Amino acid sequence: MSIFDQLSGDRQPIAVAPVCSRKGCRASADWELLWNNPKIHTPERRKTWLACDEHRDWLQEYLEQRALWRETRAFAPSAGGAAGTAEGL
Numbered sequence: 082m083s084i085f086d087q088l089s090g091d092r093q094p095i096a097v098a099p100v101c102s103r104k105g106c107r108a109s110a111d112w113e114l115l116w117n118n119p120k121i122h123t124p125e126r127r128k129t130w131l132a133c134d135e136h137r138d139w140l141q142e143y144l145e146q147r148a149l150w151r152e153t154r155a156f157a158p159s160a161g162g163a164a165g166t167a168e169g170l
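In our numbering, the protein residues as written are 82 to 170.
Okay, here's the thing in structure tokens:
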């Protein structure tokens with residue numbers, strides 16, 4: 082039996098509350114900031130950062146200064162979405 086056999090058990094995903102993307106912040110996410118880098122992403126591609134109320138403006142400003150920001154909207158976690166689970170923690 083290898084370590085990989087032990088890791089691939091019948092574990093269910095563990096629910097993880099989405100948190101702010103600001104470094105060191107563990108507050109729950111209230112906003113999602115959609116962005117893309119036009120130098121490497123296609124125009125329709127959107128990357129997402131999550132933000133708490135306190136860091137929303139800071140993160141949006143950061144993206145705007147680099148011409149990466151596209152849209153900010155209220156965050157509504159989807160049931161069973163990848164952002165809301167962590168495998169095998």
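Every residue gets a Cβ at the ideal spot worked out from N, C-alpha and C, and that includes glycine. Note that the structure is predicted; figures quoted are calculated from it, not measured.
With a threshold of 16 other beta carbon atoms within 10 Å, His136 meets it and is buried. Between the alpha carbons of Lys104 and Arg126 lies a distance of about 24 Å. The alpha carbon of Lys128 has as its nearest neighbour, out of Asn117, Gln146, Ile121, Ala155, the alpha carbon of Asn117. By DSSP's assignment, Trp139 forms no beta bridge with any residue. Shown here, Glu113 sits in a strand according to DSSP, grouped into three states. One Cα belongs to Ala148, the other to Ala155, and the distance between them is close to 21 Å.
Residue range 128-132 is occupied by the beta strand (DSSP E) that includes Leu131. Sequence-distant Cβ neighbours of Asp134 in its own chain, meaning closer than 6 Å and more than five residues away, are Asp111. Take the alpha-carbon of Trp139 and the one of Ser109: they are about 16 Å apart.
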